[in-house]
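Q: The following block contains the structure, expressed as C-alpha cells.
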Amino acid sequence: MRSNKDHKAKRPRADKAPLRKHERFWLADGNAIIELDGINFRVHQSWLTKHSKRIAAILPDQGTQGSRLEEITLDFCGVLKAIDFEALLSLYENPGDYRDYIETPTLMSLIRAAAILGFDNDRTWLVRELEALWPSNLGELFVNPEPRLDAPEVACLARTCDIDSLLKPAFYDMARAPGFGLDRLDESEQIGRADVLRLVRMREYLSGMWAQVAAHEDPTFVCQNLQAAPSSNDERPSGLSANTNGKPVLCPTTSAMDSHCLSATARREAWVRLVHYSQIFAQYRYDPLRGLAALINISWTNEWCRDCVEKRKADWHKMQRRIWEMVGEYLREE
C-alpha cells in the first residue's frame, strides 16, 4: 500500500483539462477539489480538515485572497476511487440511510475512503461492521457453506487498509475457491505476488490435511476398548472369544458391536460408503474445516463403537483448531 503521506496538495494548473464535475457533490461554495478517476468533487476544506488529521496535514495553511478562498486540488494517484469518496459524502449527507444496513460493496468503499482519507472515527465502526460479516472466530466460520465471491476484494481491502482481522477468513475462502477467485478482481485490486504464493502453499496444506484425515480411516487406528481389554480369559469382555493363537476375535453380536469396533475390513467398507459415496471427500477437497464438521455430523454406523466415535469427534474438533491456527501462520510468513 502506498503511504498516504506522500500525497501532496497541488495548485490547479492553467493548462489543465476542463473539469468533469460530479453531478451531486460539486458544492458552489466549496474550496477544495478532489480529483478521482477523472471525476472532480468540490467540497468544503473545513469539513475535510475537521474530520481528517491526514488531510489537515496535507493541505497548506488556509488563507484568503481578498474575500476569495484559494482552491486546492488533492490527487490520490488511483489509491482512492471516486465511488469510495462518493459513498463517504453520501454517508455524511444522509447518515440515517446507513443506520440499519449497509450493502457490502458500499461498506467496503466507505472503509477504503475512511482509511485513506484518515476519517479515523468512521473507520473504527465501519470496520467493526465488516468484521461481523467476516468473523475470524472458528465457531462462526461455518455460516457460509460456499466460498464467498467477494473474498478477493475483502483480502485486498484488508491489505490496503491494514485490517488484519479480515485476512484469515478472506484468505481461507480464497484458498477453497477455484482459481482463488482472482478473476473477479479489477486491475487496480490485484493480489500481490507474495500473497498468491501464500495462497498456493495454504491450499496445498489444506488439501493435504483433508486427504490425511478423510481419504481412509487412520491405518494406525485401534479400538480403544479392545486396546484396553484385559488379556486374561476370565476377565475378557463379553463379545470376545479367543482363537488358538491367543488373539481375540470379534463375534457378530449386538452386544459386541456396542462394546467395540468391528473388523478393519468392515470399517473400510463403511468408510467408503459414508465418506466417499456421499461425496463428502470430493466436496471438501480444499476445505478441511467444513469437511471435518461434516465428518463430525455423520451418523456413524455400528462398525465403530460409541466410545471410539466420540473420541474421534473430539480429535476432529482439535484438528479444526490446529488447521485454523496454521492458516494464520501462513499469513504471517515473510
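Note that the sequence shown covers residues 1319 to 1652 in the numbering used here. Positions of the beta carbon are idealized from the N, C-alpha and C atoms, including for glycine. Since the structure is predicted, the reported quantities are computational estimates derived from the model, not experimental observations.
Does DSSP put Ile-1420 in a helix, in a strand, or in coil?
A: It is coil, neither helix nor strand.
Q: DSSP on Glu-1464, reduced to helix/strand/coil?
A: It is coil, neither helix nor strand.
Q: For Trp-1344, write down the residues that DSSP places opposite it in a beta bridge.
A: Bridge partners of Trp-1344: Arg-1360.
Q: Starting from Phe-1539, trace the alpha helix (DSSP H) in both directions and tell me its first and last residue.
A: That residue, Phe-1539, is in no alpha helix (DSSP H); it is neither H nor E in DSSP.
Q: Alpha carbons only, please: which of Ala-1611, Leu-1592, Arg-1608, Arg-1640 is nearest the one belonging to Glu-1621?
A: Minimum Cα distance to Glu-1621 is reached at Leu-1592.
Q: Around the Cβ of Gly-1499, are there at least 16 other Cβ atoms within 10 angstroms (buried) or fewer (exposed)?
A: Buried.
Q: Tell me whether His-1635 is buried or exposed, calling it buried when 16 or more other Cβ atoms sit within 10 Å of its Cβ.
A: Exposed, by the Cβ-count rule.
Q: Determine the contact status of Leu-1448 and Met-1426, defining contact as a CB-CB distance below 8 Å.
A: For Leu-1448 and Met-1426, yes; Cβs fall inside 8 Å.
Q: Might you give, ordered along the chain, the residues of its own chain that have their beta carbon closer than 6 Å to the beta carbon of Phe-1599, omitting 5 neighbours on each side?
A: So the qualifying residues of the chain are Ala-1532, Val-1593.
Q: Taking buried to mean at least 16 other C-beta atoms within 10 Å of its own C-beta, is Gly-1510 buried or exposed?
A: So Gly-1510 counts as exposed.
Q: Given this structure, state the Cα-to-Cα distance separating Val-1472 from Leu-1484, to the nearest angstrom.
A: Approximately 7 Å between the Cα atoms of the pair.
Q: Are the stretch 1461-1469 and the stretch 1438-1446 touching, with three or more C-beta to C-beta distances below 8 Å?
A: Contact fails: fewer than three Cβ-Cβ distances are below 8 Å.
Q: Can at least three beta-carbon pairs, one atom from the stretch 1520-1532 and one from the stretch 1614-1628, be found at a separation below 8 Å?
A: These segments do not touch.
Q: Less than 8 Å between the CB atoms is what I'm expecting for Glu-1651 and Arg-1502, so what's the real figure, rounded?
A: Glu-1651 to Arg-1502, Cβ: 24 Å. No contact.
Q: Roughly how many angstroms lie between the CA atoms of Ile-1641 and Pro-1463, to the nearest whole one?
A: Going from the Cα of Ile-1641 to the Cα of Pro-1463 covers about 17 Å.
Q: Is it right to say Arg-1608 is buried, meaning 16 or more other beta carbons lie within 10 angstroms of its own, or is it exposed?
A: Buried.
Q: For Ala-1346, does the count of other Cβ atoms within 10 angstroms reach 16, so buried, or fall short, so exposed?
A: So Ala-1346 counts as exposed.
Q: Pick helix, strand or coil for Lys-1399, following the three-state DSSP scheme.
A: Note: Lys-1399 maps to coil in three-state DSSP.
Q: Is the CB-CB distance between Val-1645 and Met-1527 below 8 Å?
A: Against a cut-off of 8 Å, the Cβ pair of Met-1527 and Val-1645 comes out as no contact.
Q: Distance check for Phe-1489 and Gly-1436, CA to CA, integer angstroms please.
A: If you take the alpha carbons of Gly-1436 and Phe-1489, they lie about 26 Å apart.
Q: Quick one: complete alpha helix (DSSP H) runs, 4+ long, within the stretch 1588-1615?
A: With a minimum length of 4 residues, the continuous alpha helix (DSSP H) runs that stay inside the stretch 1588-1615 are 1598-1601, 1606-1615.
Q: In terms of residues, what are the limits of the alpha helix (DSSP H) holding Ile-1641?
A: 1624-1650 is the extent of the alpha helix (DSSP H) around Ile-1641.
Q: With a cut-off of 8 Å, does the C-beta of Arg-1639 fall near any C-beta of chain C?
A: Annotation note: the requested chain C is absent from the structure, which comprises a single protein chain.
Q: Would you grab the beta carbon distance between Ala-1350 and Gln-1363 for me? Rounded to a whole angstrom, and I think it's under 8 Å.
A: Right, their Cβ atoms sit about 4 Å apart.
Q: Beta-carbon within less than 7 Å of Ile-1357's beta-carbon, same chain only, minus the 5 sequence neighbours each way: which residues are those?
A: Cβ within range, chain order: Arg-1338, His-1340, Ala-1400.
Q: Which of the three DSSP states, helix, strand or coil, is assigned to Leu-1568?
A: At Leu-1568 the pLDDT is 40, less than 50, meaning the model places this residue with poor confidence; the figure from the coordinates comes in the next sentence. It is a strand residue.
Q: Per DSSP, which one or two residues make a beta bridge with Lys-1339?
A: Answer by DSSP bridge pairing, in chain order: Asn-1358.
Q: Quick one: complete alpha helix (DSSP H) runs, 4+ long, within the stretch 1503-1535?
A: Qualifying alpha helix (DSSP H) stretches, in chain order: 1511-1532.
Q: Which class does Ala-1495 belong to by DSSP, given the choice of helix, strand or coil?
A: If DSSP states are grouped into helix, strand and coil, Ala-1495 belongs with coil.
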